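Here the structure comes first, spelled out in structure tokens, and everything after it is commentary.
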Amino acid sequence: MVAHYKIIQKHNPNNGDEPKKYYGKLIRMRTLSTPDVVHQIMERSSLKEGDITSVLMNLAKVINYNLMLGDAVKL
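What the sequence shown shows, in UniProt numbering, is residues 1 to 75, in sequence order.
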């Protein structure tokens, strides 16, 4: 897997007198939408579009609900 990044210079917000340091910043190449993910899963399985969409929507709701309760979610 290839990761694209650029080098940026940042100063220490707690001490502006320190010299700036260089950091690598990840560059996002694209953002997948839910339909994009659904179609990629469809290509790799025998599931129908509606079934995959339902599972993804419910997964997002369950994750959000449990995070709001203060739980950790590990996939």
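C-beta: ideal position from N, C-alpha, C; glycine also. On a predicted model such as this, the values are computed, not experimentally measured, just so you know.
Per DSSP, the unbroken alpha helix (DSSP H) holding G50 starts and ends at E49 to M68.
Per DSSP, the continuous beta strand (DSSP E) segment holding I8 begins and ends at Y5 to K10. The beta-carbon distance between V38 and L56, rounded to whole angstroms, is 7 angstroms. This is short enough to meet the 8 angstroms contact definition. A straight line joining the alpha-carbon of K10 with that of I27 spans about 17 angstroms. The beta carbon of N12 lies closer than 8 angstroms to those of E18 and K21 in the same chain, with the five residues before and after it left out. Going by C-alpha positions, M42 is about 23 angstroms away from M29.
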